[in-house]
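Engineer:
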Amino acid sequence: MLEIKGLRAGIETKEILKGIDLVVPDGEVHAIMGPNGSGKSTLSYVLSGREGYEVTAGEATFDGQDLLSIEPEARAALGLFLAFQYPVELPGVNNAVFLRTALNAQRRSRGEPELDAVQFLKLARAEVKRLSMADDMLKRNVNVGFSGGEKKRNEVLQMAILRPKLAILDETDSGLDIDALKIVADGVNALRGPNFSALVITHYQRLLDHIVPDRVHVLSAGRIVRSGGPELAHQLEAEGYASVSEAA
Amino acid sequence: MSASAFLSRFDAARAVLPGDASLREAAAGVLRARGLPGPREEAWRYTRLRPLSEADYAMPVPGREVSLPASVAALDAPRLVFVDGTYRADLSVPPSKAVLRTGVPAMGPLARPESERLVALNTMLAADGAELSVAAGVDAGTVVLVSLGGEGVAFHPRHAVHLARGAKLTLIEICAGEGRYLHNPVTSITVEAGAILTHLRLQDEGIEAIHLSTIYADVAEGGTYDSFALTIGARLARMEVHARLGGTAAMAHLNAAQLLGGVQHADFTTVVTHDAPATQSRQTVKNVLTGRSHGVFQGKIEVSRIAQKTDGYQMNQALLLSPDAEINCKPQLEIYADDVKCSHGATVGALDADQYFYLRSRGVPAAEARAILVRAFLAEALDPIAHEAGRALLENAVAGWWERHPA
Ligand SMILES: Nc1ncnc2c1ncn2[C@@H]1O[C@H](COP(=O)(O)OP(=O)(O)OP(=O)(O)O)[C@@H](O)[C@H]1O
Ligand SMILES: [Mg+2]
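Those protein sequence lines, which keep their order, are chains R and X.
When we follow numbering that gives the first Met the number 0, the leftmost residue of the first sequence carries the number 0, and every step to the right adds one.
When we follow numbering that gives the first Met the number 0, the leftmost residue of the second sequence carries the number 0, and every step to the right adds one.
1) Is the CB-CB distance between G260 (chain X) and H161 (chain X) below 7 Å?
2) Let me know if S242 (chain R) comes out buried or exposed under the rule of 16 or more other beta-carbons within 10 Å of its beta-carbon.
3) Just to confirm, are A125 (chain X) and R87 (chain X) a CB contact at a threshold of 7 Å?
4) Going by other Cβ atoms of all chains shown within 10 Å of its Cβ, with 16 needed for buried, is S40 (chain R) buried or exposed?
5) Going along the segment 367-383 of chain X in order, which residues come within less than 9 Å of chain R, judged by CB to CB distance?
6) Rounded to whole angstroms, what's the CA-CA distance from G176 (chain X) to L144 (chain X)? Just pull it up for me.
7) Less than 7 Å between CB atoms is the rule here; does V92 (chain R) satisfy it with respect to chain X?
8) Return the residues of the segment 46-70 of chain R that lie within a Cβ-Cβ distance of less than 9 Å from chain X, sorted by chain order.
9) Measuring straight from C-alpha to C-alpha, what distance separates P276 (chain X) and R200 (chain X)?
10) Can you pull the chain X residues whose beta carbon is under 9 Å from the beta carbon of S108 (chain R), in chain order?
11) Please state if the CB of E191 (chain X) and the CB of R164 (chain X) are separated by a distance shorter than 7 Å.
12) Could you tell me the boundaries of the alpha helix (DSSP H) in which A324 (chain X) lies?
13) Buried or exposed, going by whether 16 or more other CB atoms sit within 10 Å of the CB of G48 (chain R)?
14) Are the C-beta of R359 (chain X) and some C-beta of chain R separated by less than 7 Å?
15) Ligand 2 and K151 (chain R): does the residue's C-beta get closer than 6 Å to at least one heavy atom of that ligand?
16) Taking 7 Å as the CB-CB limit, is D408 (chain X) close to chain R?
17) Can you list, in chain order, the residues of its chain with a C-beta nearer than 8 Å to that of L165 (chain R)? Leave out the 5 residues immediately preceding and following it.
18) Any chance the CB of G38 (chain R) is under 6 Å from a heavy atom of ligand 1?
19) Quick check on DSSP: helix, strand or coil for N153 (chain R)?
20) From the DSSP output, in three-state form, read off S132 (chain X) for me.
21) Count the other C-beta atoms from every protein chain shown that fall within 10 angstroms of the C-beta of E424 (chain X), then say buried if there are 16 or more, exposed otherwise.
22) Taking a Cβ distance cut-off of 9 Å, strictly less, list which residues of the segment 139-158 of chain X are near chain R, in chain order.
23) CA-CA distance, N121 (chain X) and G28 (chain X)?
24) Nearer than 6 Å: is that true of the beta carbon of A84 (chain R) relative to any heavy atom of ligand 2?
25) Is I10 (chain R) close to ligand 1? I mean its beta-carbon at under 6 Å from any heavy atom of the ligand.
26) Which residue comes first and which comes last in the alpha helix (DSSP H) that contains K121 (chain R)?
27) Ligand 1 heavy atoms versus the CB of T41 (chain R): any closer than 6 Å?
28) Counting only Cβ pairs nearer than 7 Å, list the residues of chain R close to F356 (chain X).
29) Decide if the segment 300-317 of chain X is in contact with the segment 276-290 of chain X; the criterion is three or more beta carbon pairs, one per stretch, under 8 Å apart.
30) So which residues of chain X does T41 (chain R) contact, with C-beta pairs closer than 9 Å?
31) So, at 6 Å on beta carbons, what are the nonlocal neighbours of E301 (chain X) in its own chain, with the 5 sequence-adjacent residues on each side left out?
32) Would you mind sorting P71 (chain R) into buried or exposed? The rule is 16 or more other CB atoms within 10 Å of its CB.
33) Helix, strand or coil for M106 (chain X)? Go by DSSP, reduced to three states.
34) Give a single yes or no on whether I19 (chain R) has its beta carbon closer than 6 Å to a heavy atom of ligand 3.
35) What are the residues that DSSP puts in a beta bridge with Q263 (chain X)?
36) Does the Cβ of T12 (chain R) have 16 or more other Cβ atoms within 10 Å, making it buried, or fewer, making it exposed?
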């Protein structure tokens with residue numbers, strides 16, 4: 000379970016998150032919507048441990064363990080996964096090697112045996128196929144020369160292979176064509192179960208038609224100004240953010 | 000040791016040194032007149048030979064017991080082993096498809112002791128070396144040249160490699176050792192028309208050692224000198240390569256990587272002379288520097304008037320892993336032909352924070368993430384190495400580098 004209490008954070012010159020309270024119980028998928036610049040990506044970075052953000056108040060725990068004081072790799076080992084809004088290119092790093100290194104690092108930290116190259120490729124190829132990705136994706140350098148949609152799919156591939164307990168998907172639907180959206184949603188839905196929860200950041204109701212959330216939150220100017228059921232997303236789609244912000 | 004200290008070593012040994020005495024006397028004359036290179040000389044601005052002048056070396060005693068590095072056996076190829084500069088038949092496996100001569104310095108046709116003082120030093124004191132020749136049209140496979148240095152000695156081996164028309168050879172050179180010593184080899188390389196020499200070098204000298212090497216390579220029409228040098232060893236190192244492309248469409252690759260930590264200093268200095276039309280040179284030099292280490296790349300491309308359609312490329316990149324590491328880069332173009340394509344570039348940077356975070360967010364520990372990004376930085380230089388065993392040797396050296404310099 001992810002629990003965020005009174006979280007305030009920002010960069011050196013300004014506060015971006017101005018007191019966030021949010022609980023995502025195991026097994027649930029929550030959506031976060033909100034205007035550009037409201038702090039959605041910042042929240043995902045602060046939770047996953049990117050450098051450059053200063054937490055000034057509040058806390059965030061996952062399964063009772065304090066997230067904010069541990070290294071990014073330790074957070075990943077606990078089961079946290081962030082699908083980046085802008086996936087990073089790694090020239091000179093083979094995608095398959097990258098994925099296997101990550102998986103084995105996590106397995107090692109959990110005391111599980113590592114997978115050898117053959118075992119890994121079998122697993123990876125099956126996931127590539129399930130996500131309808133081109134076969135050569137595993138052979139290419141991580142995200143280098145990938146189209147926007149291919150990068151997003153590659154994030155979902157990583158998620159499928161790493162099998163996190165908590166996934167934060169930061170606008171994973173942006174840039175996807177209609178078929179890809181469905182495939183990505185299926186990829187997330189396949190992981191759904193009592194030991195998986197997700198925070199889905201999106202601007203569009205469309206994704207939430209496929210990944211039906213348990214709760215929808217609206218983040219505006221660094222605060223959650225409204226929470227509700229899936230119907231809230233429909234209201235936003237119809238009326239825009241002004242309606243909910245005023246109501247708050 | 001100063002030039003005069005080396006000169007008195009020469010006085011004591013001149014009677015027993017093998018080979019052409021007149022060359023030695025001429026070289027001694029150069030040193031007597033001009034001394035060792037100093038910081039006021041343009042070519043030595045960034046690399047000070049101070050550790051050399053502060054050291055005191057004895058003449059090697061032949062026959063000491065050594066064990067070969069495991070990496071040498073793993074290459075499973077003919078090998079020429081030199082210990083403290085002396086050929087050791089008991090440790091070597093001579094090649095079957097190349098002609099080998101040892102026991103005297105292989106002076107070769109190219110060296111210029113009058114302009115390179117370290118070459119003069121070598122010429123004066125060289126006691127042994129390998130002369131390796133491959134006959135026309137013969138593919139001689141792989142030959143490994145190993146140098147092992149030991150405590151307290153200076154040695155100046157003199158090698159020559161000759162590939163006749165259409166011949167082929169991969170020469171893998173490994174320099175290793177223990178203790179404070181000076182390894183000052185000079186190699187003269189001639190590649191005749193259409194011949195291909197692949198030269199992979201691993202400079203992994205002892206961490207207190209000094210490595211000062213000079214290579215002269217002359218490439219004839221349609222020939223290729225394809226070299227890659229990895230520097231990870233020595234307290235002070237300079238690799239100097241003078242390549243002359245003397246025949247139409249001759250080609251030289253002088254690629255290198257320098258991985259340095261602690262107080263290491265390494266200098267890769269090249270002079271490429273395009274002396275015929277349609278010749279091509281490529282230099283990609285990568286530096287990974289941590290601790291208080293210092294990397295230097297000086298690359299000069301000279302294009303003579305007749306060398307139209309020359310294609311020269313030079314790139315120096317540095318990854319600084321610590322705030323106290325330093326890189327100096329000096330590209331120089333001297334072009335006398337009008338229809339040429341020459342370019343050079345340089346980049347200096349730290350690890351990319353976004354890439355580093357991306358890896359760690361996937362659970363890759365910090366040290367491993369750094370190693371992956373450094374390996375990726377070197378990919379452009381390492382990946383094109385076609386010789387599999389040679390590439391594996393270099394990959395292992397890169398992978399093991401982290402154990403010496405944990406961040
Ligand atoms: N490193 C930074 N330097 C300067 N400003 C920053 C930095 N990081 C975030 N910000 C600012 O903080 C605010 C929140 O940014 P954030 O990326 O979290 O927004 P977002 O809700 O994800 O927006 P979008 O929907 O456009 O992705 C923005 O105004 C942004 O410009
Ligand atoms: Mg965002």
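Glycine residues also receive a C-beta, built at the ideal position from the N, C-alpha and C atoms.
Structural biologist: Checking against the coordinates, here is how it stands:
1) no
2) exposed
3) no
4) buried
5) E367, A368, I371, L372, R374, A375, F376, L377, A378, E379 and D382
6) 14 Å
7) yes
8) S47, G48, R49, E50, G51 and E70
9) 29 Å
10) G362 and P364
11) yes
12) Run containing A324 (chain X): none; DSSP gives neither H nor E here.
13) buried
14) yes
15) no
16) Chain X is shown from 0 up to 406; residue 408 (chain X) falls before or after that span and cannot be answered.
17) L1, V23, F61, G78, L79, F80, F195, S196, A197 and L198
18) yes
19) helix
20) strand
21) Shown here, chain X extends from 0 to 406; a query on residue 424 (chain X) therefore has no answer.
22) none
23) 13 Å
24) Note on identity: in this sequence residue 84 (chain R) is Gln, with Ala being the wrong assignment. It does: the Cβ of Q84 (chain R) is within 6 Å (strictly closer) of some heavy atom of ligand 2.
25) yes
26) A116 to R129
27) yes
28) R49, E50 and P71
29) yes
30) Ordered by position in chain X, no residue passes the 9 Å Cβ test against T41 (chain R), which lies about 14 Å from the chain.
31) T272 and E333
32) buried
33) coil
34) Among the ligands modelled here, namely ligand 1 and ligand 2, ligand 3 does not occur.
35) Partner(s): none; Q263 (chain X) has no beta bridge.
36) exposed
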